[in-house]
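Trainee:
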Amino acid sequence: MGRLQFTSASLFVGLVLGVFANRDAHCYPEFQKYSQSHSGRTVSCGMCHASPDGPEGTAPGQIGSLNKEGQQLLNEARAAFEPGKKVKSPILNDFGDKIIQTIGRKKVIELRRHPEEMSTALGNTSDLDNDGIPDSREFEDGTHPLHATSGSPWLLFKRNVANNIFHIVMMILATAAGLYGLHNLQLGLEHSQAGHQDIKDSDAGEGDGPSPPTGAPSTAQTITDAKERLLSRAAAQRARDGNVKAVPPVQ
Ligand SMILES: [Ca+2]
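The numbers in our numbering rise by one with no breaks, and the one at position 2 of the sequence shown is 647.
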């Protein structure tokens with residue numbers, strides 16, 4: 646009798662687990678729907694599952710494709726109700742496994758009614774793709790926590806700046822040095838051009854003699870004037886000499 650009761654109880658537990666396992670074959674669309682509606686981005690089951698189409702089916706990463714070893718790993722993951730158990734579910738990706746490990750599967754089931762609390766439950770310490778954005782934030786933003794190029798553009802930009810700050814500073818300094826050198830080169834060329842113009846002006850000045858001050862007669866004009874004065878004096882002298890000869894001496 647006792648043996649019969651034990652067998653019946655085992656069958657009942659097996660039936661409950663079977664039903665429960667069958668329900669768990671479905672993905673938890675509450676989280677996918679929340680992430681998508683909260684972020685405004687398209688979110689697939691692939692955020693947490695191995696297959697973007699979810700766990701059901703026969704494609705790789707889906708339950709129908711599992712062999713005996715995969716089925717065993719799936720059962721171990723399903724049995725991880727409490728946090729701290731490291732799992733490797735064949736139908737989950739690393740983020741899905743991380744969720745199970747961090748908060749336990751019992752908490753995951755509880756949060757199906759409050760998917761908005763998932764990010765708080767996960768915390769912000771895990772960043773599986775190492776893009777500087779915590780997994781929990783990526784869940785809120787509807788970006789993929791396993792793809793480093795998937796994330797808020799502003800957060801990714803800040804992360805890239807932080808990672809490449811040395812190269813950015815060096816590039817700015819090199820650009821500034823280049824601009825400074827170009828500026829000095831331009832000044833040097835201008836000075837050189839001005840020096841050449843001064844030399845040309847000096848050479849031209851030496852050929853023509855010093856320029857007379859404004860209003861003063863030129864050298865040629867001065868010489869002409871002097872010649873005219875000399876000629877005028879000579880003519881006057883000749884006239885005087887002629888007049889002297891024409892006047893007869895006084896008796
Ligand atoms: Ca991340």
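Built from N, CA and C at the ideal position, the CB exists for glycine as well.
Assign Ser797 to buried or exposed, taking buried as 16 or more other Cβ atoms, counted over all protein chains shown, within 10 Å of its Cβ.
Mentor: Residue mapping note: residue 797 aligns to position 152 of the sequence shown, counting from 1. The residue is buried, with at least 16 neighbouring Cβ atoms inside 10 Å.
Trainee: Quick one: what's got a C-beta closer than 7 Å to Ser795's C-beta in the same chain, skipping five residues either side?
Mentor: Reading the sequence shown from its first residue, position 150 is the one you call residue 795. Closer than 7 Å at Cβ, skipping near neighbours: Thr788 and His789.
Trainee: How is His694 classed by DSSP in three states: helix, strand or coil?
Mentor: Counting from 1 along the sequence shown, the entry for residue 694 is found at position 49. Strand, per DSSP.
Trainee: On the three-state DSSP scale, how would you describe Leu875?
Mentor: Position 230 of the sequence shown holds residue 875. Helix, per DSSP.
Trainee: Under 8 Å by Cβ, that's how I've got Ser689 and Pro697 pegged, so tell me the actual separation to the nearest angstrom.
Mentor: As a working mapping, residue 689 is identified with position 44 in the sequence shown. As a working mapping, residue 697 is identified with position 52 in the sequence shown. With a Cβ gap of about 4 Å, Ser689 and Pro697 count as contacting.
Trainee: Please report the distance separating the alpha-carbon of Arg804 from that of Ala822.
Mentor: Taking the sequence shown and counting its residues from 1, the one referred to as residue 804 is at position 159. Taking the sequence shown and counting its residues from 1, the one referred to as residue 822 is at position 177. Between Arg804 and Ala822, the C-alpha separation is close to 27 Å.
Trainee: Taking only three categories from DSSP, how would you classify Leu737?
Mentor: Residue numbering aside, residue 737 sits at position 92 when the sequence shown is read from its first letter. Strand, per DSSP.
Trainee: Alpha carbon to alpha carbon, how far is Arg757 from Tyr673? Give it in angstroms, no decimals.
Mentor: Here residue 673 refers to the residue found at position 28 of the sequence shown. Here residue 757 refers to the residue found at position 112 of the sequence shown. Going by the C-alpha atoms only, they are around 7 Å apart.
Trainee: Quick one: using the 10 Å Cβ neighbour count with 16 as the cut-off for buried, is Asp843 buried or exposed?
Mentor: Residue 843 sits at position 198 when you count from the first residue of the sequence shown. Burial call: exposed.
Trainee: In whole angstroms, what is the alpha-carbon distance linking Asp739 and Lys731?
Mentor: The residue you call residue 739 lines up with position 94 of the sequence shown. The residue you call residue 731 lines up with position 86 of the sequence shown. Between the C-alpha atoms of Asp739 and Lys731 there is a straight-line separation of about 11 Å.
Trainee: Using three-state DSSP, classify Asp776 as helix, strand or coil.
Mentor: Along the sequence shown, read from residue 1 onward, the residue named residue 776 stands at position 131. The answer is coil: DSSP assigns Asp776 none of H, G, I, E or B.
Trainee: Under 8 Å by Cβ, that's how I've got Val806 and Ile817 pegged, so tell me the actual separation to the nearest angstrom.
Mentor: The count along the sequence shown starts at 1 and reaches residue 806 at position 161. The count along the sequence shown starts at 1 and reaches residue 817 at position 172. Incorrect: roughly 12 Å between the Cβ atoms, too far for contact.
Trainee: Which residue spans inside the region 670 to 729 form an unbroken alpha helix (DSSP H) run of at least 4?
Mentor: 674 to 684 and 713 to 723
Trainee: Excluding the 5 residues preceding and the 5 following Asp897 in the sequence, name in chain order all residues of the same chain whose CB lies nearer than 7 Å to its CB.
Mentor: Outside the shown range of the chain, which is 646 to 896, sits residue 897, and nothing can be said about it.
Trainee: If I'm right that His694 touches Leu737 with Cβ under 8 Å, what's the distance once you round it to whole angstroms?
Mentor: Indexing the sequence shown from 1 puts residue 694 at position 49. Indexing the sequence shown from 1 puts residue 737 at position 92. That pair is a contact at about 6 Å.
Trainee: Nearest by alpha-carbon distance to Ile701: which of Thr687, Leu719, Ser684 and Arg686 is it?
Mentor: Indexing the sequence shown from 1 puts residue 701 at position 56. Per the sequence shown, the amino acid found at residue 701 is Glu instead of Ile. The candidate whose alpha carbon is nearest that of Glu701 is Leu719.
Trainee: Between the C-alpha atoms of Lys872 and Thr864, what's the straight-line distance to the nearest angstrom?
Mentor: Position 227 of the sequence shown, counted from the start, is the residue given in the question as residue 872. Position 219 of the sequence shown, counted from the start, is the residue given in the question as residue 864. Near 12 Å, if we compare the C-alpha coordinates of Thr864 and Lys872.
Trainee: Can you tell me which of Thr765, Pro735 and Glu761 puts its alpha carbon nearest to the alpha carbon of Ile748?
Mentor: As a position in the sequence shown, residue 748 is number 103, starting the count at 1. Selected option, being the one with the closest Cα: Thr765.
Trainee: So what's His898 in DSSP terms, helix, strand or just coil?
Mentor: An answer regarding residue 898 cannot be provided, because it is not within the stretch 646 to 896 covered by the chain.
Trainee: Note down the Cα distance separating His836 from Asn775, rounded to an integer number of angstroms.
Mentor: By one-based count along the sequence shown, residue 836 stands at place 191. By one-based count along the sequence shown, residue 775 stands at place 130. About 55 Å.
Trainee: Beta carbon of Met815, beta carbon of Phe676: below 8 Å?
Mentor: The residue labelled residue 815 in the question sits at position 170 within the sequence shown. The residue labelled residue 676 in the question sits at position 31 within the sequence shown. Result no, Cβ atoms of Met815 and Phe676 do not sit closer than 8 Å.
Trainee: Using a threshold of 7 Å, is the CB atom of Leu767 nearer than that to any non-hydrogen atom of ligand 1?
Mentor: Within the sequence shown, residue 767 is the residue found at index 122, counting from 1. No; taking the cut-off as 7 Å, the Cβ of Leu767 has no heavy atom of ligand 1 nearer than that.
Trainee: DSSP three-state label for Arg885, please.
Mentor: Sequence index remark: in the sequence shown, residue 885 carries index 240 (1-based). In this structure, Arg885 counts as helix in the three-state DSSP scheme.
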